[in-house]
Amino acid sequence: MEKIIGGIKRECYPLTPAQMVHMYTLQLSPTHEIVNIGTGQFFQFKMNVAALREALNRAIERCETMRMRLWQDPETGELWQYFMPYKNHFFEYYDFSDWEEEKAHEVLKKWTSQPFDTYRGELCRIVIVSMPNGYNGYYLNVHHVCMDSASVIAFTKDVMAIYCYLMHNMPYPSPMTSYIESIQKDLAYEGSKKQARDMAYWHKKLEEPEPMYTDYTGFGRLMQARQESGNENQRWYTLDAPGAAGNTIVYELNVESTNKILDFAKENGFPPSVVILHAIRTVLSKFNHNETDITIKNFVSRRSTILHKKCGGARMHCFPLRTVIDNSKTVLESMTLIDKEQQEMFLHADYSTLKLYYEQRVKYHLPAGAGYESVAFTYQPASAKNLVPYLKNIPFKSRWYTSGRQPMPMYITAMHRAGDGGLNFYFGYQTDVATPEEIEFLYYFTGRVLFRSIENPNKTIQEIIDMT
Numbered sequence: 053m054e055k056i057i058g059g060i061k062r063e064c065y066p067l068t069p070a071q072m073v074h075m076y077t078l079q080l081s082p083t084h085e086i087v088n089i090g091t092g093q094f095f096q097f098k099m100n101v102a103a104l105r106e107a108l109n110r111a112i113e114r115c116e117t118m119r120m121r122l123w124q125d126p127e128t129g130e131l132w133q134y135f136m137p138y139k140n141h142f143f144e145y146y147d148f149s150d151w152e153e154e155k156a157h158e159v160l161k162k163w164t165s166q167p168f169d170t171y172r173g174e175l176c177r178i179v180i181v182s183m184p185n186g187y188n189g190y191y192l193n194v195h196h197v198c199m200d201s202a203s204v205i206a207f208t209k210d211v212m213a214i215y216c217y218l219m220h221n222m223p224y225p226s227p228m229t230s231y232i233e234s235i236q237k238d239l240a241y242e243g244s245k246k247q248a249r250d251m252a253y254w255h256k257k258l259e260e261p262e263p264m265y266t267d268y269t270g271f272g273r274l275m276q277a278r279q280e281s282g283n284e285n286q287r288w289y290t291l292d293a294p295g296a297a298g299n300t301i302v303y304e305l306n307v308e309s310t311n312k313i314l315d316f317a318k319e320n321g322f323p324p325s326v327v328i329l330h331a332i333r334t335v336l337s338k339f340n341h342n343e344t345d346i347t348i349k350n351f352v353s354r355r356s357t358i359l360h361k362k363c364g365g366a367r368m369h370c371f372p373l374r375t376v377i378d379n380s381k382t383v384l385e386s387m388t389l390i391d392k393e394q395q396e397m398f399l400h401a402d403y404s405t406l407k408l409y410y411e412q413r414v415k416y417h418l419p420a421g422a423g424y425e426s427v428a429f430t431y432q433p434a435s436a437k438n439l440v441p442y443l444k445n446i447p448f449k450s451r452w453y454t455s456g457r458q459p460m461p462m463y464i465t466a467m468h469r470a471g472d473g474g475l476n477f478y479f480g481y482q483t484d485v486a487t488p489e490e491i492e493f494l495y496y497f498t499g500r501v502l503f504r505s506i507e508n509p510n511k512t513i514q515e516i517i518d519m520t
């Protein structure tokens with residue numbers, strides 16, 4: 053739809069349900085940096101700065117979401133997105149090569165905490181950087197409404213593939229796909245038969261008895277809430293952090309242990325996410341009086357086609373992954389049930405996240421902000437390194453920087469490291485509701501349960517709980 057913005061006619065598109073999740077987060081937060089994604093991509097070789105500038109500009113020209121702008125109609129309040137024509141940028145260069153590495157990372161973290169002017173300007177910032185120990189590359193800060201983690205990785209792949217073409221005569225990468233086409237497909241979903249099938253699936257889920265809240269610190273929070281409300285049967289809880297102040301703690305799993313997870317998953321026909329989800333839900337059961345009804349907020353990237361894998365943008369939806377599994381079930385039986393639930397979720401993942409959670413509130417008469425998940429989870433299998441063949445043997449560091457704000461109390465991301473393929477576990481948390489000690493405790497027991505389960509797949513969940 054054409055709109056007049058700043059005296060210029062623009063082709064505008066409504067925001068998709070995935071984008072509206074981030075706009076909803078923005079509306080609830082006192083500051084706008086909560087939707088920032090800050091990353092650094094650094095390779096251990098001498099970087100040609102001019103060639104990297106050219107590669108970045110070409111990649112932005114090929115990626116519509118890097119040229120996205122947001123506009124709010126002053127008369128109706130409606131939100132729209134449009135895409136600016138390509139304009140050449142001269143990216144600043146900062147040399148931190150003589151600094152202590154962590155001090156350099158602190159600067160990039162500080163940059164990530166600088167909010168965008170959401171409705172009045174560019175929604176991404178890029179700076180070329182030299183880091184200590186011979187690492188060189190670029191820092192990217194982007195508004196979450198434009199990109200998610202999969203988009204950032206796809207963009208990085210494109211930048212470095214173009215750089216390798218310019219500097220090393222490698223093949224020119226195939227074009228990025230159109231995010232506008234992706235938007236149009238999402239908008240065509242409204243009122244479709246697919247939407248009707250998805251709605252029927254999620255409404256059937258809502259016909260089930262009320263879920264049970266299970267906290268990553270144990271049963272104490274829910275028990276206190278029951279005492280305060282006078283309802284000894286209360287099953288929901290509100291983790292309220294008005295300021296949304298947050299931090300991220302990263303734990304690195306070594307390559308050998310990572311391969312044990314991947315090998316076990318492959319041998320038993322499970323995606324690695326199921327093996328990790330089994331460990332998280334078992335820990336939540338252990339911490340909450342062996343509760344069998346566990347719900348985890350699970351994120352789905354919705355990138356099953358070439359169009360969606362290479363279009364950039366924000367495409368993640370999240371849904372309650374609820375499993376009611378008796379502790380007499382074996383590890384393999386538990387993982388089979390989790391896998392079944394997750395696969396069904398994937399089939400119906402185009403449904404609006406915000407709509408489903410609103411319908412859940414109505415169904416179970418939940419107060420605003422109340423829910424049943426203390427933990428959110430996503431698994432990110434790809435990294436930029438293994439997507440650029442020429443760079444395979446060159447040391448590479450990829451860093452993700454917190455903005456100092458977190459939209460959720462506890463968000464666990466399992467992501468493979470660029471350098472060696474080992475798993476990093478990112479624990480993003482709100483500092484008002486979690487402490488580093490509580491996170492370390494959660495990670496420690498998740499690891500114990502995970503590897504005890506792999507080593508004893510025919511033991512029951514209760515036996516695994518007792519072993520840990």
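Sequential numbering from 53 applies to the sequence shown in our numbering.
Ideal Cβ positions, reconstructed from N, Cα and C, are used throughout, including at glycine.
Q) Secondary structure at S281, three-state DSSP: helix, strand or coil? A) Counted from its first residue, the sequence shown places residue 281 at position 229. If DSSP states are grouped into helix, strand and coil, S281 belongs with the helices.
Quiz prompt | Residues that S337 bridges to, as DSSP identifies them | solution = The residue labelled residue 337 in the question sits at position 285 within the sequence shown. According to DSSP, which records beta bridges pairwise, S337 is partnered with nothing at all.
- Using the DSSP secondary-structure output, state which residues sit across from N88 in a beta bridge. On the sequence shown, position 36 is the one that residue 88 refers to. Partner(s): H195.
Rounded to a whole number of angstroms, what is the C-alpha to C-alpha distance between E144 and Y171?
Taking the sequence shown and counting its residues from 1, the one referred to as residue 144 is at position 92. Taking the sequence shown and counting its residues from 1, the one referred to as residue 171 is at position 119. Going from the Cα of E144 to the Cα of Y171 covers about 24 Å.
Check your understanding: With burial defined as no fewer than 16 other Cβ atoms inside 10 Å of the residue's Cβ, what is the status of K496: buried or exposed?
Key -> In the sequence shown, the residue the question calls residue 496 occupies position 444. Sequence inspection shows Tyr at residue 496; the Lys mentioned does not correspond to that position. Y496 is exposed by the Cβ-count criterion.
| said: To the nearest angstrom, how far is the alpha carbon of F95 from that of D518? | reply: Locating residue 95 in the sequence shown gives position 43, counting from the first residue. Locating residue 518 in the sequence shown gives position 466, counting from the first residue. About 45 Å.
Exercise for review: Would you please state the rounded distance, in angstroms, between the beta carbons of H400 and D250? I believe it to be under 8 Å.
Suggested key: Within the sequence shown, numbered from 1, the residue matching residue 400 stands at position 348. Within the sequence shown, numbered from 1, the residue matching residue 250 stands at position 198. So it is a contact: roughly 4 Å between Cβ atoms.
*What span of residues does the alpha helix (DSSP H) with R119 cover, start to end?*
Numbered from its first residue, the sequence shown carries residue 119 at position 67. No alpha helix (DSSP H) holds R119; DSSP gives it neither H nor E.
(request) Spatial neighbours of A111 within its chain, please: CB distance less than 7 Å, with the 5 preceding and 5 following residues excluded, ordered by chain position. (result) Counting from 1 along the sequence shown, the entry for residue 111 is found at position 59. Result list for A111: F207, D210, V211, I214, in chain order.
- request: Reducing DSSP to helix, strand and coil, say where D147 ends up.
  value: Mapped onto the sequence shown, residue 147 falls at position 95. Note: D147 maps to strand in three-state DSSP.
**Asked** What did DSSP end up calling V307 once you bin it into helix, strand or coil?
**Response** Here residue 307 is taken as the residue at index 255 of the sequence shown, counted from 1. DSSP places V307 in helix when its eight states are reduced to three.
Legend entry - Proximal residues to L160 (C-beta, below 6 Å), its chain only, five neighbours per side dropped: Against the sequence shown, residue 160 aligns to sequence position 108. Same-chain partners within the cutoff: G92, Y191, Y453.
- Would you please verify whether the beta carbon of N193 is less than 7 Å from any beta carbon of chain B? Among the chains of the structure shown, chain B does not appear; only one protein chain is present.
_Rounded to whole angstroms, what is the Cα-Cα separation between P488 and M53?_
Translated into the one-based positions of the sequence shown, residue 488 becomes position 436. Translated into the one-based positions of the sequence shown, residue 53 becomes position 1. Each residue's alpha carbon lies about 48 Å from the other.
* Asked: Would you call V194 buried or exposed, if buried means 16 or more other Cβ atoms sit within 10 Å of its Cβ?
  -> The count along the sequence shown starts at 1 and reaches residue 194 at position 142. So V194 ends up on the buried side.
(message) Taking the alpha-carbon of G295 as reference, which of F398, Q247, R367, G456 has the nearest alpha-carbon?
(response) Residue numbering aside, residue 295 sits at position 243 when the sequence shown is read from its first letter. Comparing Cα-Cα distances from G295 to each of F398, Q247, R367, G456, the minimum goes to G456.
Problem - Inter-residue Cα distance where the pair is G558 and P66 - result: One cannot answer for residue 558 here, as it falls past the ends of the chain, which runs 53 to 520.
Test item: CB-CB of T498 and V335 under 7 Å: Here residue 498 refers to the residue found at position 446 of the sequence shown. Here residue 335 refers to the residue found at position 283 of the sequence shown. Result yes, Cβ atoms of T498 and V335 sit closer than 7 Å.
If you reduce the DSSP assignment to three classes, tell me which class P82 lands in.
As a first step, residue 82 must be located in the sequence shown, where it is residue number 30. Coil.
Legend entry - Classification of H141 by the beta-carbon crowding that lies within 10 angstroms, buried from 16 upward: Against the sequence shown, residue 141 aligns to sequence position 89. H141 should be labelled exposed.
Determine the direct distance from the alpha carbon of L104 to that of F97, and round the result to whole angstroms. Working through the sequence shown from its first residue, we reach residue 97 at position 45. Working through the sequence shown from its first residue, we reach residue 104 at position 52. Cα-Cα distance, rounded: 13 Å.
Worksheet entry | Beta-carbon proximity check, M120 vs Q133, cutoff 7 Å | Counting from 1 along the sequence shown, the entry for residue 120 is found at position 68. Counting from 1 along the sequence shown, the entry for residue 133 is found at position 81. Cβ atoms of M120 and Q133: closer than 7 Å.
request  = Kindly indicate the opening and closing residues of the beta strand (DSSP E) around G480.
outcome  = Residue mapping note: residue 480 aligns to position 428 of the sequence shown, counting from 1. Run containing G480: 475-482, per the beta strand (DSSP E) assignment.
Cβ-Cβ distance between N379 and I506 below 7 Å | The residue labelled residue 379 in the question sits at position 327 within the sequence shown. The residue labelled residue 506 in the question sits at position 454 within the sequence shown. Result no, Cβ atoms of N379 and I506 do not sit closer than 7 Å.
Next item on the list: Apply the 10 Å Cβ neighbour rule to L291 and answer buried if 16 or more other Cβ atoms are within range, or exposed otherwise.
Entry: As a working mapping, residue 291 is identified with position 239 in the sequence shown. Buried.
*asked:* Taking the beta carbon of Q71 as the centre, do at least 16 other beta carbons fall within 10 Å, making it buried, or is it exposed?
replied: The residue labelled residue 71 in the question sits at position 19 within the sequence shown. Buried.
message: Please return the same chain residues whose Cβ sits closer than 7 Å to the Cβ of W151, not counting the five positions on each side in sequence.
response: Position 99 of the sequence shown, counted from the start, is the residue given in the question as residue 151. If we look at W151 and ignore the five residues flanking it on each side, its Cβ neighbours are P184.
| DSSP beta-bridge partners of K55 | In the sequence shown, the residue the question calls residue 55 occupies position 3. DSSP, once it has assigned bridges, lists R62 as partnering K55.
* Through-space distance from I346 to P459, alpha-carbon basis -> Position 407 of the sequence shown holds residue 459. Position 294 of the sequence shown holds residue 346. Taking the straight line joining both Cα atoms gives about 21 Å.
State the DSSP-derived secondary structure class of C363, mapped to helix, strand or coil.
The residue you call residue 363 lines up with position 311 of the sequence shown. DSSP places C363 in coil when its eight states are reduced to three.
Which residues does DSSP pair with K349 in a beta bridge? Taking the sequence shown and counting its residues from 1, the one referred to as residue 349 is at position 297. Answer by DSSP bridge pairing, in chain order: P372, A428.
* **Bridge partner(s) assigned by DSSP for M467** => Locating residue 467 in the sequence shown gives position 415, counting from the first residue. DSSP, once it has assigned bridges, lists Q432, N476 as partnering M467.
(request) Provide the residue span of the beta strand (DSSP E) that contains V181, from first to last. (result) Locating residue 181 in the sequence shown gives position 129, counting from the first residue. Counting along the chain, the beta strand (DSSP E) containing V181 begins and ends at 176-182.
Mind checking who I506 pairs with in its DSSP beta bridge? Position 454 of the sequence shown, counted from the start, is the residue given in the question as residue 506. Paired residues: none, contrary to the question.
- Task: Just confirm the distance between the C-beta atoms of C370 and S234, as a whole number of angstroms; I'd bet it's less than 8 Å.
- Result: Along the sequence shown, read from residue 1 onward, the residue named residue 370 stands at position 318. Along the sequence shown, read from residue 1 onward, the residue named residue 234 stands at position 182. Wrong, their Cβ atoms sit about 18 Å apart, outside the cutoff.
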